[in-house]
Ligand SMILES: [Zn+2]
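In our numbering, the protein residues as written are 2 to 413.
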């Protein structure tokens, strides 16, 4: 009996322990040959202690890998043997995390000078829905661990065409729920004339945290968790942005459950993606735009991820994307690049954006990879939340104005 109690106490301690990243470094690797790229594909699935912060991309893009100090010597020898050039990009990940600000807000408030927990974000949405007639709360279903997948509809003039915005599908990309909550607040409070005509011209669906279990896990246990929390063999989670039924399993994904890009056992195997897709089906035909927020890298990505062929309205979307990144750069000169996913970063199928575009031919569909370019990566300091959000709003204004020029819709 005593042993059992000791074991139980031990289990509780283990499961509630917060993972520390002391001495974890992020290395940036520069590649010269396709053999080196192929080698990294193998390494990703075979070596412990590595966390790929960027996908395995086209040769010209560097690859960022966080390395557990226990495996650092082995890692360095292995990549050196392949002639791969490495540089330390982040010296100590835990130091960045220690500086990152998380605050518990007052019961109904929200702020953008620190990051917030899932509970805080949800209680803010609840409060908004109670006090604001333009807001309707939406719960599309439950996660694997039983949390709600909650969003809002913002509508000032019901019956308009729609815009759908999602954040937080990758749990560790904390800047993305912060950006989506900021946008909700802007829709409700902005007095800027250009933004107002866009805000009033559509019905908006906004989901700040589309992977709630993962997001809660990044706050409670492991800051750099990416996937869902569904158990699979001896690991947890599928990559929810490789799990949509859009050329599922074809590219940029893995069939190994421990991989960061494990696509799950089947398309829509995850409750999070299947529930959200069912909800999107109810509004899909009315969508004029679909925006997915990710970090990091400062890119605006266009469909599709499974092919570099220019499909659908590629030329027009590229024109809109260029207008958007030019608009974004105006305030702080933050430089983004725009292009097809498969062309400018890597082939990756099964994303939400591709599924929406493929299913509904949504005219405007983009995935933002927000700040920065790797100096903080996923652990973006909280004092960058507001500058990031301001430039994103600028980009959305430019995006929709260009869409209007192409006669996709008429703004008031
Ligand atoms: Zn992401």
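Positions of the beta carbon are idealized from the N, C-alpha and C atoms, including for glycine. Values in this document were obtained by computation on a predicted structure and should not be read as measured data.
Looking at the unbroken alpha helix (DSSP H) that takes in residue i, where does it start and where does it end?
{"i": "residue 357", "result": "353-361"}
{"i": "residue 327", "result": "315-333"}
{"i": "residue 218", "result": "213-221"}
{"i": "residue 40", "result": "35-47"}
{"i": "residue 131", "result": "119-132"}
{"i": "residue 172", "result": "Per DSSP, residue 172 belongs to no alpha helix (DSSP H) and is neither H nor E."}
{"i": "residue 386", "result": "386-406"}
{"i": "residue 76", "result": "73-82"}
Identify every residue that forms a DSSP beta bridge with residue i.
{"i": "residue 341", "result": "303"}
{"i": "residue 284", "result": "Answer is none; residue 284 lacks a bridge partner."}
{"i": "residue 29", "result": "65 and 88"}
{"i": "residue 294", "result": "369"}
{"i": "residue 236", "result": "233"}
{"i": "residue 163", "result": "204 and 288"}
{"i": "residue 52", "result": "67"}
{"i": "residue 195", "result": "Per DSSP, none; premise fails for residue 195."}
{"i": "residue 19", "result": "According to DSSP, which records beta bridges pairwise, residue 19 is partnered with nothing at all."}
What residues in its chain sit with their C-beta under 8 Å from that of residue i, if we drop five residues either side in the sequence?
{"i": "residue 412", "result": "198, 199, 202, 401, 402 and 405"}
{"i": "residue 374", "result": "297, 298 and 299"}
{"i": "residue 395", "result": "328, 329, 331 and 332"}
{"i": "residue 161", "result": "202, 203 and 204"}
Could you compute how far the alpha carbon of residue i sits from the alpha carbon of residue j?
{"i": "residue 184", "j": "residue 46", "result": "37 Å"}
{"i": "residue 163", "j": "residue 363", "result": "10 Å"}
{"i": "residue 249", "j": "residue 57", "result": "18 Å"}
{"i": "residue 230", "j": "residue 80", "result": "31 Å"}
{"i": "residue 275", "j": "residue 307", "result": "20 Å"}
{"i": "residue 102", "j": "residue 115", "result": "5 Å"}
{"i": "residue 408", "j": "residue 289", "result": "11 Å"}
{"i": "residue 355", "j": "residue 140", "result": "23 Å"}
{"i": "residue 313", "j": "residue 280", "result": "24 Å"}
{"i": "residue 252", "j": "residue 296", "result": "20 Å"}
{"i": "residue 187", "j": "residue 94", "result": "32 Å"}
{"i": "residue 324", "j": "residue 317", "result": "11 Å"}
{"i": "residue 196", "j": "residue 336", "result": "22 Å"}
{"i": "residue 192", "j": "residue 121", "result": "26 Å"}
{"i": "residue 381", "j": "residue 53", "result": "17 Å"}
{"i": "residue 83", "j": "residue 37", "result": "7 Å"}
{"i": "residue 410", "j": "residue 63", "result": "39 Å"}
{"i": "residue 341", "j": "residue 247", "result": "16 Å"}
{"i": "residue 155", "j": "residue 137", "result": "7 Å"}
{"i": "residue 393", "j": "residue 42", "result": "33 Å"}
{"i": "residue 218", "j": "residue 383", "result": "19 Å"}
{"i": "residue 267", "j": "residue 282", "result": "19 Å"}
{"i": "residue 33", "j": "residue 346", "result": "16 Å"}
{"i": "residue 310", "j": "residue 287", "result": "26 Å"}
{"i": "residue 334", "j": "residue 387", "result": "15 Å"}
{"i": "residue 13", "j": "residue 223", "result": "Low per-residue confidence applies at residue 13: pLDDT is 44, beneath 50, and the placement is therefore not dependable, though the value from the model is reported in the following sentence. Spanning the two alpha carbons is a distance of roughly 16 Å."}
To which residues of the same chain is residue i closer than 6 Å at the C-beta, ignoring the five residues directly before and after it?
{"i": "residue 397", "result": "none"}
{"i": "residue 104", "result": "115"}
{"i": "residue 259", "result": "236"}
{"i": "residue 233", "result": "258"}
{"i": "residue 359", "result": "247"}
{"i": "residue 216", "result": "119, 169, 172 and 210"}
{"i": "residue 35", "result": "none"}
Which same chain residues, not among the five before or five after residue i, have their C-beta less than 7 Å away from its C-beta?
{"i": "residue 158", "result": "201"}
{"i": "residue 273", "result": "144, 150, 211, 212, 229 and 241"}
{"i": "residue 327", "result": "399"}
{"i": "residue 353", "result": "167, 170, 242, 245 and 293"}
{"i": "residue 9", "result": "Note that residue 9 has pLDDT 47, beneath the 50 cutoff, so the model's placement of it is unreliable and no number is given."}
{"i": "residue 214", "result": "144, 145, 146, 148, 229 and 230"}
{"i": "residue 1", "result": "Only positions 2 to 413 of the chain appear in this structure, which leaves residue 1 out of reach."}
{"i": "residue 378", "result": "27, 54, 65, 91 and 297"}
{"i": "residue 31", "result": "63 and 86"}
{"i": "residue 389", "result": "176, 180, 371 and 372"}
{"i": "residue 348", "result": "252, 253, 306 and 307"}
Within the continuous beta strand (DSSP E) that includes residue i, where are the two ends?
{"i": "residue 95", "result": "Not the beta strand (DSSP E): residue 95 falls in the alpha helix (DSSP H), residues 94-100."}
{"i": "residue 151", "result": "149-155"}
{"i": "residue 189", "result": "Looking at the DSSP string, residue 189 is not in any beta strand (DSSP E); the run it does join, the alpha helix (DSSP H), is 176-190."}
{"i": "residue 137", "result": "136-143"}
What is the C-beta distance between residue i and residue j, in whole angstroms, given that I count them as a contact (C-beta under 8 Å)?
{"i": "residue 1", "j": "residue 65", "result": "There is simply no residue 1 to check, as the chain begins at 2 and stops at 413 in what is shown."}
{"i": "residue 301", "j": "residue 367", "result": "6 Å"}
{"i": "residue 26", "j": "residue 75", "result": "About 14 Å separates the two Cβ atoms, so there is no contact after all."}
{"i": "residue 321", "j": "residue 365", "result": "6 Å"}
{"i": "residue 71", "j": "residue 50", "result": "6 Å"}
{"i": "residue 255", "j": "residue 263", "result": "5 Å"}
{"i": "residue 173", "j": "residue 119", "result": "14 Å between Cβ atoms; not a contact."}
{"i": "residue 152", "j": "residue 207", "result": "6 Å"}
*Who's in the neighbourhood of ligand 3, going by beta-carbon under 7 Å from any heavy atom, listed in chain order?*
In the structure on display, ligand 3 does not appear, and the ligands it does have are ligand 1.
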